[in-house]
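Below is one structure; the comments refer to it alone.
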Amino acid sequence: MIPFNFDYARPDTLEQAVTLWQHCDQKGKHAVYYAGGTQIITLCREQKIKPDLVIDIKGIKECLTFREDDRLVYGAALPLNNIIDKTRVTLLSQTLGKIADHTIRNRLTLGGNIMGYLPFKEAVLAFLVLDGSAEIFGPQGCRTQSLSTLFNKRVRLEKGECIVNFSLSPETIKTKTFFVRKQKDSPVDYPILTACFAGRTKSLTMAVSGVFAFPLRDADIDSILNQTDLSCDKRALQAVDLLDPLFKSDFRASAAYRKHLLRLAILQGIKELET
Amino acid sequence: MKQTRTAIGKSVQRIDAKDKTCGTIRYTDDLSLPGMLYTAFVKSPHAHATIDRIDPSPALDHPGVLGIFTGEDFNCLIGLYLGDKPPLARKKVRHFGEPVAVVVAHTLKSARRAAKKVWVSYTPLPVVASPKEALEKNAPVIHDRLADYTHIDAILPEPGTNVANRTRIRKGDTTAGFKLSCVVIEETFSFPPGDHVFMEDRVAIVEIRSDGRVMVRSSTQSPFGVQSLMSSFFNIPAGKITVTAPPVGGGFGGKAGIGIEPIAYLLSKKMGGRPVRVCLDRTEDFICAPGAPGIEATIRLGADKKGRLTAADIELLFDSGAYADYAVNISRAAALACSGPYRIDNIKADSLCVYTNHPFATAYRGFGHIELAFVIERSLDLLAQKLSMDPLVIREKNAIQAGDTTPTQNLLDDNTGDLKGCIAKVAKRINWASGRFLRINETIVRSKGISCFWKAPAIPTNTDAGAIITFNNDGSINLATGAVEIGQGSQTGLAQITAEAFGIDTTMVHVVREIITDRAPHDWATAASRTLFMAGNAALMACEDAKLKIRQTAAQVFKCDPDDILVAKGTVSLKNSPNTGIALGSIVNGYTFKDGKSMGGPIIGTGRYITPNLTHIDPVTGKGHPALEWTIGAQAVEVEVDTSDGSFKVIQAACAMDVGTVIHPDLARSQVVGAMAMGIGFATKEAFAFDSRQRVLNGSLRDFKILRYGEQPKYHVDFLCTPQKDGPFGARGLGEHGIIGMPGALASAFSRAVGSQLTKLPITPEALWEKGSQQ
Numbered sequence: 000m001i002p003f004n005f006d007y008a009r010p011d012t013l014e015q016a017v018t019l020w021q022h023c024d025q026k027g028k029h030a031v032y033y034a035g036g037t038q039i040i041t042l043c044r045e046q047k048i049k050p051d052l053v054i055d056i057k058g059i060k061e062c063l064t065f066r067e068d069d070r071l072v073y074g075a076a077l078p079l080n081n082i083i084d085k086t087r088v089t090l091l092s093q094t095l096g097k098i099a100d101h102t103i104r105n106r107l108t109l110g111g112n113i114m115g116y117l118p119f120k121e122a123v124l125a126f127l128v129l130d131g132s133a134e135i136f137g138p139q140g141c142r143t144q145s146l147s148t149l150f151n152k153r154v155r156l157e158k159g160e161c162i163v164n165f166s167l168s169p170e171t172i173k174t175k176t177f178f179v180r181k182q183k184d185s186p187v188d189y190p191i192l193t194a195c196f197a198g199r200t201k202s203l204t205m206a207v208s209g210v211f212a213f214p215l216r217d218a219d220i221d222s223i224l225n226q227t228d229l230s231c232d233k234r235a236l237q238a239v240d241l242l243d244p245l246f247k248s249d250f251r252a253s254a255a256y257r258k259h260l261l262r263l264a265i266l267q268g269i270k271e272l273e274t
Numbered sequence: 000m001k002q003t004r005t006a007i008g009k010s011v012q013r014i015d016a017k018d019k020t021c022g023t024i025r026y027t028d029d030l031s032l033p034g035m036l037y038t039a040f041v042k043s044p045h046a047h048a049t050i051d052r053i054d055p056s057p058a059l060d061h062p063g064v065l066g067i068f069t070g071e072d073f074n075c076l077i078g079l080y081l082g083d084k085p086p087l088a089r090k091k092v093r094h095f096g097e098p099v100a101v102v103v104a105h106t107l108k109s110a111r112r113a114a115k116k117v118w119v120s121y122t123p124l125p126v127v128a129s130p131k132e133a134l135e136k137n138a139p140v141i142h143d144r145l146a147d148y149t150h151i152d153a154i155l156p157e158p159g160t161n162v163a164n165r166t167r168i169r170k171g172d173t174t175a176g177f178k179l180s181c182v183v184i185e186e187t188f189s190f191p192p193g194d195h196v197f198m199e200d201r202v203a204i205v206e207i208r209s210d211g212r213v214m215v216r217s218s219t220q221s222p223f224g225v226q227s228l229m230s231s232f233f234n235i236p237a238g239k240i241t242v243t244a245p246p247v248g249g250g251f252g253g254k255a256g257i258g259i260e261p262i263a264y265l266l267s268k269k270m271g272g273r274p275v276r277v278c279l280d281r282t283e284d285f286i287c288a289p290g291a292p293g294i295e296a297t298i299r300l301g302a303d304k305k306g307r308l309t310a311a312d313i314e315l316l317f318d319s320g321a322y323a324d325y326a327v328n329i330s331r332a333a334a335l336a337c338s339g340p341y342r343i344d345n346i347k348a349d350s351l352c353v354y355t356n357h358p359f360a361t362a363y364r365g366f367g368h369i370e371l372a373f374v375i376e377r378s379l380d381l382l383a384q385k386l387s388m389d390p391l392v393i394r395e396k397n398a399i400q401a402g403d404t405t406p407t408q409n410l411l412d413d414n415t416g417d418l419k420g421c422i423a424k425v426a427k428r429i430n431w432a433s434g435r436f437l438r439i440n441e442t443i444v445r446s447k448g449i450s451c452f453w454k455a456p457a458i459p460t461n462t463d464a465g466a467i468i469t470f471n472n473d474g475s476i477n478l479a480t481g482a483v484e485i486g487q488g489s490q491t492g493l494a495q496i497t498a499e500a501f502g503i504d505t506t507m508v509h510v511v512r513e514i515i516t517d518r519a520p521h522d523w524a525t526a527a528s529r530t531l532f533m534a535g536n537a538a539l540m541a542c543e544d545a546k547l548k549i550r551q552t553a554a555q556v557f558k559c560d561p562d563d564i565l566v567a568k569g570t571v572s573l574k575n576s577p578n579t580g581i582a583l584g585s586i587v588n589g590y591t592f593k594d595g596k597s598m599g600g601p602i603i604g605t606g607r608y609i610t611p612n613l614t615h616i617d618p619v620t621g622k623g624h625p626a627l628e629w630t631i632g633a634q635a636v637e638v639e640v641d642t643s644d645g646s647f648k649v650i651q652a653a654c655a656m657d658v659g660t661v662i663h664p665d666l667a668r669s670q671v672v673g674a675m676a677m678g679i680g681f682a683t684k685e686a687f688a689f690d691s692r693q694r695v696l697n698g699s700l701r702d703f704k705i706l707r708y709g710e711q712p713k714y715h716v717d718f719l720c721t722p723q724k725d726g727p728f729g730a731r732g733l734g735e736h737g738i739i740g741m742p743g744a745l746a747s748a749f750s751r752a753v754g755s756q757l758t759k760l761p762i763t764p765e766a767l768w769e770k771g772s773q774q
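Protein chains in written order, with numbering that gives the first Met the number 0: chain L, 0 to 274; chain E, 0 to 774.
Have a look at this one:
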């Protein structure tokens, strides 16, 4: 039960959504964009956030786009299961398919997972590692930006902006990928490691979540992975040593175990994708 | 002679099957009373701190708020065996999440919102993080007024320390026993406290009627316990308290004591008797209400060169958390059974219930036996390793049997189950003989582990049950007992027992589902796996009583001696001419002759049971007769481990248990499978994680994980049938037992997989990786 009152709006257009947000903001009140609601409801129930206005974007058709043609476009308000069931991008269905459980994935949305309060944001990994972009709508109108510049620990948006969709180039359907996810003990839990790898000609890329306090794709790490003159073991070791200060330690896993798991994942990733 | 049975031994449909599957069953939380008030707790963010000041004023003028109360408003102490707990924390808090204030409001929404605004200032105190720390010389004393607390005689608190109870077992001569040993192991085993994670969170609704009657409705396993404890703590005549226990959505011991009923009563009193509902949400149920105890145990165990156990020296330190609750009896129960189901002639054991600054502990399925079994079973594996002996063989060699004595020096009689038979059964099920360790490839290994268990109900010496049967005109029977339906299915089992006694179909027995203390016969509590045994015995006696009365009425109809009358299969007839029968329905509520004259009146059968011949134990040696009937069994598991990262799956799990007679095969199996699943969860994930200040880090289902469907292994369940002569149709209890041996068996298998003996739970992939990489 949410023990406080708030306004709820379900706009039909992006313009309406952003206008609602701006009006609320001008009054010094707090508005949130809302999709699946699993995080917002929990935080409201615990009174950790107290939005004055909840703007549900599930009625906006642009946020519900699914197409895989000249561009692979996934609306921010699409439930994860809708994408998992239909996408031809294996890495995307693998990554989304391990988030929470089937029933919850009927509610969880792509945008909610990436834009929410939790630090894992695993859905973003596929877009990071496959050089995806995001379409954003805000007070200044619409823009599209590559995730490599938009994402730094989290998606960096301007005030009042809302994600419309995430997209990939159609070539990614053919890209060889590798996915690994580890939990503390339960198959349905936040990850202690989720790693996505993509292998293109002479270029191996990696994005990870769960091991650090934020998801990461890092150019320096990618270049270590691609030092083919070094053995797999050496590359994996160099990569995790470089990342050493970042490993998270909490009740789910120690930093040492996370480091070990990442090293194993890199080894596997290289073996799977480097032919 | 094999009897034909009409009801028992059959997997009839549970009496509550349709209500539960259709979602129409009514639990306590489904009740809404006119004028009912709602509550919300203000909880401590510290595990140990003095409460300097509570300022409710920012919350008082919140709309809908009727009152805000703190520990200072209720100057009393409550408890189960030891009165150590204020209804709300007073002066100081002793665990993270302890309620320090409560808001009463017209709606739950108002209460919760206002609770966030109550301002409390604390001064943190040094925390006690484990039983061992609690026993250190300079440890903070968590209850400095322990000497003043009231307690039952069987509990021996040690004022000035953190020891809430100590139970001593002194059997034989351990010095001599260790001299006979050729191998001795010494080891420490431990696991942290946890939670039951039953589906139905705790809820209680209390109102005080204008005539002073206190009406309690609660998700409780122990309606009569709540009645008698509230009577004694609040000085209310027991007859003025009526406790209603609707079906309970899972208890596992967590609802067997007294919990939130007292605060609901105190608040109703403050509110002029209006009904007050106290309900914990899931995260509150984790940390505000009691869970499972933790343990730290040290053992020395010796065996001769043939593997016969010669002596044991055991110290069990139960982590009771901030309050004693049931834990003072859990530590005692563990002492009474401390040898496990093995013959050990020389035992010295001290079992302590120790206060720490953890959330407090209450009864949890197994009641101290998971703890002692983990210690004993691990120790037997260590001994077997030292002796280069098959872990199965060392168990077989020491398996307890009739003629042996228990740690309390009781001679076991021929009701004792067949442990060797159980061991053989599980060994066969998981193909023990084919090998205990198998390498699949470079990183994947498979391994097996075995364990045994025993448990008798840990109960007061005067544990009772009653049964009343009445009849309907269709010849069907109404059965009233004090046994609460907590998901275990014993009301169905009791219907079967009653049906069997009358030689009728189970559908002809209607069980009174909701237990109300002013009309149900007295019953100690629905706990300790004793319901089918005791209420079953009472039901049987009620059936015999009713049959006698039916025969007396029928004798006048048939103009014969009552002994010549046969009551069976829904008819009443002359023994030598069964075709003369009249329908049971035409006689049970009085018989009317053709001319209109009537006689007999309604038949009411009554039955009762009380534990015979149980005694207290000697405080110095533990000698005595505290155990009613032992249920004994063996378990075995097979696991697969990826040694590169410690990830694993449990492939199969077997349990063989000597239950005497199986009343309901499907329910019996599901009880055992459910318990085994819970045991896998207990061993591999279900434990609280604390930070350095002993705040719970995983007090929600996002973080505290239980076993899911996809993680279930293949289960094998077998029942052996050495009759329990004083049990109903030879049956003994089986509700808890399937959990007890699982941690030991799993730890055994995992130890074999990583080549290192595990001594701690939970066994997570990281723990296995860590152990394995030390090799």
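Beta carbons are placed, not taken as given, at the ideal position from N, Cα and C, and that holds for glycine. Quantities reported herein were computed from a predicted structural model and do not represent experimental measurements.
Open item on the list: Distance cutoff 9 Å, beta carbons only. Does Ala674 (chain E) sit that close to anything in chain L?
Closed with: It does not; no Cβ of chain L falls within 9 Å.
Task: Identity of the residue in E:Gly82, E:Pro85 and E:Met35 nearest Gly63 (chain E) by Cα - done: E:Met35
Open item on the list: Pairs of beta-carbons, one from the stretch 183-191 of chain L and one from the stretch 160-174 of chain L, closer than 8 Å: are there three or more?
Closed with: no
TODO: Check the Cβ of Asn356 (chain E) against every Cβ in chain L and list those closer than 7 Å, keeping chain order.
DONE: The premise fails here: Asn356 (chain E) is roughly 17 Å from chain L at the closest Cβ pair, so nothing lies under 7 Å.
- [ ] Measure the Cβ-Cβ separation of Phe359 (chain E) and Ala334 (chain E) and say whether it is below 9 Å.
- [x] no
Task: Assigned secondary structure, Gln237 (chain L) (DSSP; H/G/I helix, E/B strand, else coil) - done: helix
Open item on the list: Taking 9 Å as the threshold (beta carbon to beta carbon), is Pro138 (chain L) in contact with chain E?
Closed with: no
Open item on the list: List, from N- to C-terminal side, the alpha helix (DSSP H) runs of 4 residues or more that fit wholly inside the stretch 247-289 of chain E.
Closed with: 260-269 and 281-286
Task: Within 7 Å of chain L by C-beta, residues of the stretch 687-704 of chain E in sequence order - done: Ala688, Leu696, Asn697 and Lys704
Open item on the list: When you compare the CB of Ser209 (chain E) with every CB in chain L, is at least one pair closer than 9 Å?
Closed with: no
Open item on the list: Looking at the strands, I want to know which residues DSSP matches up with Tyr73 (chain L).
Closed with: Tyr73 (chain L) pairs with L:Phe65 and L:Phe165.
Task: Closer than 7 Å at the beta carbon, the chain E residues around Met114 (chain L) - done: Correct list: empty, because the minimum Cβ distance to chain E is about 19 Å.
TODO: Within the stretch 378-414 of chain E, note down every full alpha helix (DSSP H) run reaching 4 residues or more, in order along the chain.
DONE: 390-397
TODO: Please work out which residues of its chain come closer than 6 Å, Cβ to Cβ, to Thr143 (chain L), disregarding the five sequence neighbours upstream and downstream, and give them in chain order.
DONE: Ser132 and Glu134
- [ ] Could you give the DSSP three-state label for Ala321 (chain E): helix, strand or coil?
- [x] Looking at Ala321 (chain E) - three-state DSSP - the assignment turns out to be coil, as it is neither helix nor strand.
Task: Classification of Gly238 (chain E) by the beta-carbon crowding that lies within 10 angstroms, buried from 16 upward - done: exposed
Open item on the list: If I follow the unbroken beta strand (DSSP E) through Asn578 (chain E), where does it start and stop?
Closed with: Per DSSP, Asn578 (chain E) belongs to the beta strand (DSSP E) from Ser576 to Ala582.
Task: Sub-9 Å separation of Gly309 (chain E) and Asp303 (chain E) beta-carbons - done: A small fix is needed here, since residue 309 (chain E) is Thr in this sequence, not Gly. For Thr309 (chain E) and Asp303 (chain E), yes; Cβs fall inside 9 Å.
Task: Residue closest to Arg111 (chain E), alpha-carbon to alpha-carbon, out of E:Gly290, E:Arg25, E:Ala674 and E:Val101 - done: E:Val101
TODO: Tell me where the alpha helix (DSSP H) around Ala194 (chain L) begins and ends.
DONE: Here Ala194 (chain L) belongs to no alpha helix (DSSP H); instead the beta strand (DSSP E) covers Pro190 to Arg199.
- [ ] Output the boundary residues of the beta strand (DSSP E) element that contains Cys141 (chain L).
- [x] Gly140 to Ser145
TODO: Apply the 10 Å Cβ neighbour rule to Pro158 (chain E) and answer buried if 16 or more other Cβ atoms are within range, or exposed otherwise.
DONE: exposed
TODO: Work out the CA separation of Ala46 (chain E) and Thr122 (chain E) for me, nearest whole Å.
DONE: 11 Å
Task: DSSP beta-bridge partners of Leu81 (chain E) - done: E:His150
Open item on the list: For chain E, check one thing: does any of its Cβ atoms lie closer than 9 Å to the Cβ of His22 (chain L)?
Closed with: no
Task: Close beta carbons around Met198 (chain E), own chain, < 6 Å, minus the five adjacent residues each side - done: Gly248 and Gly249
Open item on the list: My assumption, with CB atoms under 8 Å, is that Ser10 (chain E) sits in contact with Asp504 (chain E). Please give the rounded CB distance.
Closed with: Between Asp504 (chain E) and Ser10 (chain E) the Cβ distance is about 14 Å, and since that is not below 8 Å, they are no contact.
Task: Three-state class that DSSP yields for Asp228 (chain L) in the structure shown - done: In this structure, DSSP gives Asp228 (chain L) a state outside helix and strand, which the three-state scheme calls coil.
Open item on the list: Using only the alpha-carbon positions, how far apart do Asn776 (chain E) and Leu127 (chain L) sit?
Closed with: Since the first residue of chain E shown is 0 and the last is 774, residue 776 (chain E) is not available in this structure.
TODO: Note down the Cα distance separating Arg44 (chain L) from Gly290 (chain E), rounded to an integer number of angstroms.
DONE: 24 Å
Open item on the list: Can you pull the chain E neighbours of Tyr256 (chain L), defined as C-beta to C-beta under 7 Å?
Closed with: Glu765 and Trp768
Task: beta strand (DSSP E) runs contained entirely in the stretch 416-441 of chain E, provided each spans 3 or more residues - done: 436-438
TODO: State buried or exposed for Tyr608 (chain E), treating a residue as buried only when at least 16 other CB atoms are found within 10 Å of its CB.
DONE: buried
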